[in-house]
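S.K.: First, the structure itself, so that you have it in front of you.
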């Protein structure tokens, strides 16, 4: 089976080419002009937090929750104590709807992460115009030079960067400019989850002051407790909440346990 990431990137190149024809740079720049910057990285330097994600589906799980109302869920996450909100915007593989991010942005004042497969500078302008405060850069699909250039441009546009690593081989792509570093615990070839991946990679990084985020496959509060003890301060979680018929209730239950852990 071909690497799913390769398929996603090939599709994304086609989508970006089409977007450039229908929504030119000048229009995006005019939409960006009056947006203010909000820092997620600064909040993570003071206390641990949850980046709560709205995700309808994924290639590994199929449909996770096809009926959830995004305003209800994001409002619940925001009011319930999430440090930030993440919204998937990929339509082809994650079944995002065109207005998902916009609806979420109108629902919350929390920092928002656009969860997207960014391969072109155009998407940075697009992300900021949508109201994103943070973008995801995936090391597995970018060169070190692209990561550096995209990070600089994101900063110019008033956004922070979460650089996502999947394995030790990608550590060499860390530029030192990133605002946060995330470790995806899911193997993108086998879809298996290994929480130890987060700690393996963190131990090899030379930038201990950069906030570390653990991503994918997180569910139990004991996992979170362990990762906090290993130096992680942020936790990107979506499926754990979205797989329930009432994602907000699942989040509220979890956040109560989380708050107990961080005040111990």
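In this note's numbering, the protein residues as written are 393 to 656.
Beta carbons are placed, not taken as given, at the ideal position from N, Cα and C, and that holds for glycine.
Since this is a predicted model, take the numbers as computed values, not measurements.
Over the uninterrupted alpha helix (DSSP H) stretch that includes residue 452, give me the two end residues.
M.R.: For this step, residue 452 is matched to residue 60 along the chain shown. Careful: residue 452 lies outside any alpha helix (DSSP H) and carries neither H nor E.
S.K.: Taking the beta carbon of residue 448 as the centre, do at least 16 other beta carbons fall within 10 Å, making it buried, or is it exposed?
M.R.: Here residue 448 refers to the residue found at position 56 when the chain shown is read from its first residue. Buried: at least 16 other Cβ atoms inside 10 Å.
S.K.: What is the residue span of the beta strand (DSSP E) that residue 531 lies within?
M.R.: Taking the chain shown and counting its residues from 1, one reaches residue 531 at position 139. No beta strand (DSSP E) contains residue 531, which DSSP labels as neither H nor E.
S.K.: Using the Cβ count rule (16 or more neighbours within 10 Å means buried), how would you classify residue 506?
M.R.: Walking along the chain shown from the start, residue 506 turns up at place 114. Counting Cβ neighbours within 10 Å, residue 506 comes out buried, since at least 16 surround it.
S.K.: What's the gap between the Cα of residue 565 and the Cα of residue 540?
M.R.: By 1-based counting over the chain shown, the position of residue 565 is 173. By 1-based counting over the chain shown, the position of residue 540 is 148. Cα to Cα, residue 565 sits roughly 9 Å from residue 540.
S.K.: If residue 653 and residue 620 are in contact, beta carbons under 8 Å, what's the gap, nearest whole angstrom?
M.R.: If you number the chain shown from 1, residue 653 lands on position 261. If you number the chain shown from 1, residue 620 lands on position 228. With a Cβ gap of about 7 Å, residue 653 and residue 620 count as contacting.
S.K.: Just the C-alpha distance for residue 528 and residue 459, rounded to the nearest angstrom, thanks.
M.R.: For the purposes of this step, residue 528 is identified with residue 136 of the chain shown, where counting begins at 1. For the purposes of this step, residue 459 is identified with residue 67 of the chain shown, where counting begins at 1. So the two alpha carbons sit approximately 26 Å from each other.
S.K.: What residue does the beta strand (DSSP E) around residue 634 start on, and which one ends it?
M.R.: Taking the first residue of the chain shown as position 1, residue 634 is located at position 242. It is not in any beta strand (DSSP E) - residue 634 instead sits in the alpha helix (DSSP H) that spans 631-634.
S.K.: For the beta strand (DSSP E) containing residue 614, name the first residue and the last one.
M.R.: By one-based count along the chain shown, residue 614 stands at place 222. No beta strand (DSSP E) holds residue 614; the alpha helix (DSSP H) holding it covers 613-621.
S.K.: I'd like to know whether the C-beta atoms of residue 602 and residue 570 end up nearer to each other than 8 Å.
M.R.: Counted from its first residue, the chain shown places residue 602 at position 210. Counted from its first residue, the chain shown places residue 570 at position 178. A contact, by the Cβ cut-off of 8 Å.
S.K.: Measuring only the C-alpha atoms, how far is residue 393 from residue 488?
M.R.: Taking the chain shown and counting its residues from 1, the one referred to as residue 393 is at position 1. Taking the chain shown and counting its residues from 1, the one referred to as residue 488 is at position 96. Note on residue 393: pLDDT 35, under 50, position unreliable in the model; no value is reported.
S.K.: Under 8 Å between the Cβ atoms of residue 533 and residue 563?
M.R.: By 1-based counting over the chain shown, the position of residue 533 is 141. By 1-based counting over the chain shown, the position of residue 563 is 171. No.
S.K.: Beta-carbon within less than 7 Å of residue 466's beta-carbon, same chain only, minus the 5 sequence neighbours each way: which residues are those?
M.R.: In the chain shown, residue 466 corresponds to position 74, counting from 1. Excluding sequence neighbours, residue 466 sits near 446, 477, 496, 499 and 500.
S.K.: Anyone know if the C-beta pair for residue 627 and residue 456 falls short of 8 Å?
M.R.: Sequence index remark: in the chain shown, residue 627 carries index 235 (1-based). Sequence index remark: in the chain shown, residue 456 carries index 64 (1-based). Not closer than 8 Å, so no.
S.K.: So for residue 576, helix, strand or coil by DSSP?
M.R.: Numbered from its first residue, the chain shown carries residue 576 at position 184. Three-state DSSP puts residue 576 in a strand.
S.K.: Pull up the CB-CB distance for residue 492 and residue 530, whole angstroms please, since I reckon it's below 8 Å.
M.R.: Position 100 of the chain shown, counted from the first residue, corresponds to residue 492. Position 138 of the chain shown, counted from the first residue, corresponds to residue 530. Not quite, the Cβ-Cβ distance comes to about 20 Å (not below 8 Å), so this is no contact.
S.K.: Please identify the residue among 504, 494, 485 and 545 whose C-alpha is closest to the C-alpha of residue 514.
M.R.: Reading the chain shown from its first residue, position 122 is the one you call residue 514. Out of 504, 494, 485 and 545, 545 has the C-alpha closest to the C-alpha of residue 514.
S.K.: Quick one: give me the first and last residue of the beta strand (DSSP E) that residue 479 is part of.
M.R.: Counting from 1 along the chain shown, the entry for residue 479 is found at position 87. Start and end: 476-480.
S.K.: Assuming residue 555 is part of the beta strand (DSSP E), what are its boundary residues?
M.R.: Position 163 of the chain shown, counted from the start, is the residue given in the question as residue 555. Unbroken beta strand (DSSP E) run through residue 555: 552-557.
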